Each structure stands twice: as C-alpha cells, then as structure tokens.
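Student: Following the working numbering, the numbering of the sequence shown begins with 132 at its first residue and continues without gaps.
All residues carry an ideal CB built from backbone N, CA and C; glycine is no exception.
As the structure is a computational prediction, the values presented were derived from the model and not from experiment.
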Amino acid sequence: MTKLLGVIGDPIAHSLSPLIHNGWIRDMGYDAAYEAMHVPDGEFSQALETLSKRDILGVNVTLPHKAAAFLAAYEASEAAKTIGAANTLTYLGNRSWRADNTDAPGFLSALDRQNPDTDEVVILGAGGSAAAIVYALTKSSYQVTILNRTVEKAQALAAALGDSSTVYGSINQYRECIDSAALVINTTSMGYQGDILDLPAGDGRLFFDISYGKVAAPQLTHARDRGWQTKDGLSMLVAQAAVSFEIWFGEAPDRAAALERCQWAMKAVS
Ligand code: ATR
Numbered sequence: 132m133t134k135l136l137g138v139i140g141d142p143i144a145h146s147l148s149p150l151i152h153n154g155w156i157r158d159m160g161y162d163a164a165y166e167a168m169h170v171p172d173g174e175f176s177q178a179l180e181t182l183s184k185r186d187i188l189g190v191n192v193t194l195p196h197k198a199a200a201f202l203a204a205y206e207a208s209e210a211a212k213t214i215g216a217a218n219t220l221t222y223l224g225n226r227s228w229r230a231d232n233t234d235a236p237g238f239l240s241a242l243d244r245q246n247p248d249t250d251e252v253v254i255l256g257a258g259g260s261a262a263a264i265v266y267a268l269t270k271s272s273y274q275v276t277i278l279n280r281t282v283e284k285a286q287a288l289a290a291a292l293g294d295s296s297t298v299y300g301s302i303n304q305y306r307e308c309i310d311s312a313a314l315v316i317n318t319t320s321m322g323y324q325g326d327i328l329d330l331p332a333g334d335g336r337l338f339f340d341i342s343y344g345k346v347a348a349p350q351l352t353h354a355r356d357r358g359w360q361t362k363d364g365l366s367m368l369v370a371q372a373a374v375s376f377e378i379w380f381g382e383a384p385d386r387a388a389a390l391e392r393c394q395w396a397m398k399a400v401s
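1. Are there 16 or more other CB atoms within 10 angstroms of the CB of Met132, so buried, or fewer, so exposed?
2. Taking just the CA atoms, how far does Ala332 sit from Leu179?
3. Whole-angstrom Cβ separation of Asp234 and Ser260, contact assumed at under 8 angstroms?
4. Beta carbon of Gln350: closer than 6 angstroms to some heavy atom of the ligand ATR?
5. Excluding sequence positions up to five away, which residues of its chain have a Cβ less than 6 angstroms from the Cβ of Pro149?
6. Pick helix, strand or coil for Lys345, following the three-state DSSP scheme.
7. So, helix, strand or coil for Val369, using DSSP?
8. Just to confirm my understanding: we take Ala257, look at its own chain, exclude 5 residues before and 5 after, and list those with CB closer than 6 angstroms. What are they?
9. With DSSP collapsed to three states, give me the class of Ala210.
10. Just to check, is the beta-carbon of Asp84 closer than 6 angstroms to a non-hydrogen atom of the ligand ATR?
11. With three or more C-beta pairs closer than 8 angstroms as the rule, is the region 376 to 392 touching the region 343 to 360?
12. With the cut-off set at 7 angstroms, would you say Tyr343 and Gly322 are in Cβ contact?
13. Would you say the beta carbon of Ala257 comes nearer than 6 angstroms to a heavy atom of the ligand ATR?
14. What's the C-alpha gap between Lys134 and Leu220?
The following block contains the structure:
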C-alpha cells in the first residue's frame, strides 16, 4: 500500500517540499507519495484526526501550525520540547504522533561551519524560525546576539532559548552589532515587504538569509555588492527536509540532487 506523507500549512500552494520529497521517494524507490495539504489556522487537530484514518507515515508542518503540531504530539524530541514547536510529525499508530524539530539540525547542517567556538553571530528577527536557529546555535557554542524590531520578543527569545552569552537588542542597532560578527542571519520577513538592510562592508563574512528566490534576491545582491559571502534559505530547506526524510525512512537522501531540483524550479518561476 502506498504510504502517504505531506506538508500541512497555510499558505502551502508554493511549497517546494513536495518536489524535494517526491524526488527522493522516486530516486530511492519507496512506495509513498508526498502531498501539499492546505489546512487553515485552527483546523490542525481535525486534519491530524483525518490523516490518522489514512495510510499515513508522517507530515511536515509549516506556518501557522508549528506550535500546534508540538502540542498535538504524544511524544517529542528534546529539540521540539525546548523550542516548543515541531515541523515534523511521525505517525505512531493509535491516533498518536511523535514530534521532531528538524529546522534546528537542518540549519546547522546548511551552515556547514567547522569551528564555531569563536564565532559571534547576529540573528535578525525573533519569530518562529529565529527560535529554532537560536536553539541550534547556542547548543553549538556560538555567541548569539538577537536583534528584533519588537525588542521584547528578542528579550523573550534570549531568555527562553539563549545561554549566558546571549545578547538581545533592537534591530535599529544592527550596524554597530554587525561590526564584530562573523556571521549575520536574516530571519525577518522584511524581504516580503520589499525592505532591505543597508549593510556595512562584509570583508568576506557570511550573510545568511533564510528566505529564498525573489524575496531574498535584493538583500543578497546588496550583501554581495558590499563584500559579503551569501547563502539563501534553499540549502536550509533541503537540509531540514533531509532530516525529516531520514526520520521517516531511516535512510539519508541525496541533498545535492534536491537542491538542484529546487534551483531549477525557482528559475522556472522567475
Ligand atoms: P517566522 O516564523 O518565519 O520567523 P514570524 O514569526 O512572522 O515568521 O517572524 C517574522 C519576523 O520578522 C519578526 O521578528 C518580525 O519582527 P516583529 O517581531 O517586530 O514583528 C520581523 N519583521 C517583519 N517585518 C519586518 C520589518 N519590516 N522590519 C524589521 N523586522 C521585520
């Protein structure tokens, strides 16, 4: 029987997750199908209930349901518990689910940094994506500064998931904070509003924007013009998907093949 997988979210129509997972399922010869599942806010539990009656293996979960996914789970990984959100659910049978958060390991794997000990990192934004990243970075001994438009949210995130070296502040302070940072990570949604940050000289440091495509392009072009190395969010998207896939199938998929398929798909729509 063909096993069902999918990604639950709203909006979900433009998700690249079906392309990524169905590519791996095909390449690796599994009898499974991965679908985009449009579920509005407030209807998450009902959707899980319906799925548990089908031949479901697991689901990815995206906005606005990541906190609901954690709360709905019968058991959860340490990362999901600490972050208080899950992007991966695995069906255990008997209407029970296990929650994992693969955004955190996915981010670290996409970052691919060998010697983090001395790295000062500035994280712009304090929403759900920033939470998984703060968790991943503080666990890996980075010194993290969280800057957000709403300072109280940066403060709350630092208190919940940071360590004794974690600092927070207003995004208006970004220029002075970036001076000593080896790495800047933009998790804000300002790119969706067409806004970009005017960056100081990068001198070969890394600017990582977790969005991708047209949303990230103006900021990343500006960063490169100012001498930054840049990375967009596609590698993180693929890496978190790969960790989810391995949870479900017990076998690591080919990330490079998925990244290439995503890059082609992005080009096709631009
Ligand atoms: P996600 O789950 O992807 O992190 P989110 O929870 O909606 O999304 O968080 C969006 C982040 O972008 C927030 O940190 C938000 O700042 P506020 O907490 O002050 O709302 C930030 N953001 C959105 N638009 C912004 C803008 N124009 N300038 C600066 N920050 C912005």
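Tutor: Walking through what the data contain:
1. Around the beta carbon of Met132, fewer than 16 other beta carbons lie within 10 angstroms, which makes this residue exposed.
2. In this model, Leu179 and Ala332 are separated by some 48 angstroms (Cα to Cα).
3. Contact flag correct, Cβ pair sits at about 7 angstroms.
4. The beta carbon of Gln350 sits no closer than 6 angstroms to any heavy atom of the ligand ATR.
5. For Pro149, where only same-chain residues beyond five positions count, the Cβ hits under 6 angstroms are Tyr165, Ala167.
6. Assignment of Lys345 by DSSP, reduced to helix, strand and coil, places it in the helix class.
7. It is helical.
8. Here the set comprises Ile277, Asn279, Lys284, Ala285, Leu288.
9. Helix at Ala210.
10. With the chain running from 132 to 401 in the structure shown, residue 84 is simply not present.
11. Counting Cβ pairs under 8 angstroms, fewer than three are found: no touch.
12. Contact annotation: Tyr343 and Gly322 have beta-carbon atoms that are not nearer than 7 angstroms.
13. Taking non-hydrogen atoms of the ligand ATR into account, the C-beta of Ala257 is found less than 6 angstroms away from one of them.
14. Rounded to the nearest angstrom, the gap between the Cα atoms of Lys134 and Leu220 is 14 angstroms.
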